[in-house]
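Read through the structure below, which is laid out as structure tokens, and then see the notes.
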Amino acid sequence: MSVQEHRSAEEIGRTELGPRPLPPLGEQRAAIGLSHVDTTLTNGLRVVVVKQSTVPMVELRLRIPFADTDLMHAAKAEVLASTFFSGTARRDRVAIDTDLALVGGELDASVDPERLSIGGNALASGLDTLLDVLSDALRGASYADEEVGREKGRLVERIAMAKSQPSVIARQALQKHRYGDHPATREMPEAEDVAKVTPEEVRALHQGFVLPRGSVLVLVGDVETDEAVAKLESALGGWKSDRTATELPELPVVSGGDLLFVPRTGAVQSQFRLSAQAITRTDPRYPALQLANLAFGGFFSSRLVENVREDKGYTYHARSYLEFTPGGATLLIDTDTASEVTANALLEIRYELARIVLTPPSETEVDTVRQYAIGQLLTATASQGGLASQLIGLASQGLGVEWLVEYPGRLKAVTAEEIAAAARDFFAPVNWTGVIVGDSAQFGNVRLLGDVKQ
Numbered sequence: 001m002s003v004q005e006h007r008s009a010e011e012i013g014r015t016e017l018g019p020r021p022l023p024p025l026g027e028q029r030a031a032i033g034l035s036h037v038d039t040t041l042t043n044g045l046r047v048v049v050v051k052q053s054t055v056p057m058v059e060l061r062l063r064i065p066f067a068d069t070d071l072m073h074a075a076k077a078e079v080l081a082s083t084f085f086s087g088t089a090r091r092d093r094v095a096i097d098t099d100l101a102l103v104g105g106e107l108d109a110s111v112d113p114e115r116l117s118i119g120g121n122a123l124a125s126g127l128d129t130l131l132d133v134l135s136d137a138l139r140g141a142s143y144a145d146e147e148v149g150r151e152k153g154r155l156v157e158r159i160a161m162a163k164s165q166p167s168v169i170a171r172q173a174l175q176k177h178r179y180g181d182h183p184a185t186r187e188m189p190e191a192e193d194v195a196k197v198t199p200e201e202v203r204a205l206h207q208g209f210v211l212p213r214g215s216v217l218v219l220v221g222d223v224e225t226d227e228a229v230a231k232l233e234s235a236l237g238g239w240k241s242d243r244t245a246t247e248l249p250e251l252p253v254v255s256g257g258d259l260l261f262v263p264r265t266g267a268v269q270s271q272f273r274l275s276a277q278a279i280t281r282t283d284p285r286y287p288a289l290q291l292a293n294l295a296f297g298g299f300f301s302s303r304l305v306e307n308v309r310e311d312k313g314y315t316y317h318a319r320s321y322l323e324f325t326p327g328g329a330t331l332l333i334d335t336d337t338a339s340e341v342t343a344n345a346l347l348e349i350r351y352e353l354a355r356i357v358l359t360p361p362s363e364t365e366v367d368t369v370r371q372y373a374i375g376q377l378l379t380a381t382a383s384q385g386g387l388a389s390q391l392i393g394l395a396s397q398g399l400g401v402e403w404l405v406e407y408p409g410r411l412k413a414v415t416a417e418e419i420a421a422a423a424r425d426f427f428a429p430v431n432w433t434g435v436i437v438g439d440s441a442q443f444g445n446v447r448l449l450g451d452v453k454q
């Protein structure tokens, strides 16, 4: 019996005449062609219901604006989110978990300075139960003393551990550098503040801030849209208030300027977090900016990754991306490098920023990032959960299903000249600021590059 010779992937992909040609990409299908309803319930809650019957499930996303200037708000909000589904007047924690489990469901809550987010799913046949549990918590979460005490202990430990992580230190430093004392910077409360929170304060926070008017709920799944809206009205119509949920104040514009050095003695890596002002999805230039960002650092074959990872070997991970904020958006560059190459990495990042301004993406690069952006969108919206998450993000900017349907066409229409203009407008090095976290004893030469202050 002969032994079959093993061939590597490189050998399989080549012939005597050279590399095998790749097959052409197929025609991209439309993002979605789904029936939907976008309406407002009698209590002021906006609901977006989309029928997607790929599996007999439903996905739910609820976002409640949840901002406040109180310095203790972040701590109280974190405890509230952790105990939101710990019990009501009708159900204790075990009953909530049991009712959801019987319909293959789950619900979870999280919070940030801008919003309280609730997400979950269930079998389509269990939608009534999913909505009943949600309504029960929205209208009457009890925040029992023992549940609050238990979750506070866990949060204190979790926060203390998180605040020692380099990525958390870098993020907090960037937020403070960009936005000063704005409430948006309080993404993680102090452990000692969490320890002070009382159950009475959490109940009062729920009463004053968990409000339907100004909030948005997205439901995607194997449902009839009008019937689902009726079920939402029946289940959530009793969740009422004359007040409107509190939006986070608009953030200050990010201006280019000095980088802030944040010392971290003994660190073996340096964390780079750079930022510049950008535009929202409602701006006509947004598709061009998205493609310019992809070419710069938005995916694995981008210029930044090719330079600092593939060519120089300074880092394993580098990326640039858009972050949406109240009333605006920012661009961010995120990478961690070995301490001894900190100055070299900063030089290469600035080089790539200047290069995309002076040498904008070629036609080949444009075709690549365009195909990637459209494919990424189609992939992200192919599942019920992905579509629900996309839509709840759009809803915060007043957008809906129509924007998602039309966006691949706008990406196809973007020209190389428009991408070059976006690169000039948003990626010029003078537009950027940010922070570097690390051990200056290992890279003192970084200050020779200028505009790095401590």
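Numbering (full-length UniProt numbering) for the sequence shown: 1 to 454. From the three backbone atoms N, C-alpha and C, an ideal C-beta is built for every residue, glycine too.
Taking every protein chain shown into account, the CB of S255 has fewer than 16 other CB atoms within 10 angstroms, so this residue is exposed. Taking C-alpha positions only, A354 is separated from V430 by approximately 9 Å. Here Q52 carries a coil assignment [DSSP, helix/strand/coil]. Listed in chain order, the non-local C-beta contacts of V435 below 6 Å within the same chain comprise A173, L174, H177, L260, V262, R273, local neighbours out to five positions each way being set aside.
G257 has no beta-bridge partner at all, per DSSP. Around the beta carbon of F300, fewer than 16 other beta carbons lie within 10 angstroms, which makes this residue exposed. Assignment of G119 by DSSP, reduced to helix, strand and coil, places it in the strand class. For the options L123, L291, M188, the alpha carbon positioned closest to that of L71 is the one of M188. By the Cβ test, the stretch 345-362 is in contact with the stretch 417-425, since at least three Cβ pairs between them sit closer than 8 Å. As for any beta strand (DSSP E) of minimum length 3 sitting wholly inside the UniProt domain "Peptidase M16 N-terminal" (83-186), the runs are 106-111, 115-123, ordered along the chain.
S302 and A292 do not touch by the CB rule: their CB atoms are close to 11 Å apart, not below 8 Å. The C-beta separation of P183 from T330 comes to about 16 Å, leaving the pair out of contact by the 8 Å criterion. Following the DSSP letters along the chain, one finds F324 inside the beta strand (DSSP E) bounded by residues 318-325. Uninterrupted alpha helix (DSSP H) stretches at least 4 residues long and entirely within the stretch 203-248 occur at 225-236, given in chain order. When C-alpha distances from V220 are compared across P56, G328, E151, R281, the shortest belongs to P56. With a contact defined as Cβ atoms closer than 8 Å, G126 and G105 qualify at about 6 Å. In this structure, the straight-line span from the alpha carbon of V49 to that of A388 is close to 9 Å. Contact between the stretch 74-94 and the stretch 230-246 is absent, with fewer than three C-beta pairs closer than 8 Å. The beta carbon of A373 sits closer than 7 Å to the beta carbons of Q290, L291, L294, L411 from its chain, once the five residues preceding and following it are set aside; these are given in chain order. Taking 9 Å as the cut-off, the Cβ atoms of G119 and R61 count as close. G44 places its beta carbon less than 9 Å from that of R213.
DSSP links L60 through a beta bridge to G120, L219.
Within the same chain, and ignoring the five residues on either side of L205 in sequence, the residues whose Cβ sits closer than 6 Å to its Cβ are K76, L80. Per the C-alpha coordinates, the member of L236, T433, R63 positioned closest to V111 is R63.
Counting C-beta atoms within 10 angstroms of its own C-beta, H36 has 16 or more neighbours from the protein chains shown and is therefore classed as buried. Contact annotation: the stretch 184-203 touches the stretch 131-149, with at least three C-beta pairs closer than 8 Å. Contact annotation: V58 and L130 have beta-carbon atoms nearer than 9 Å. For R370, the enclosing alpha helix (DSSP H) covers residues 363-380.
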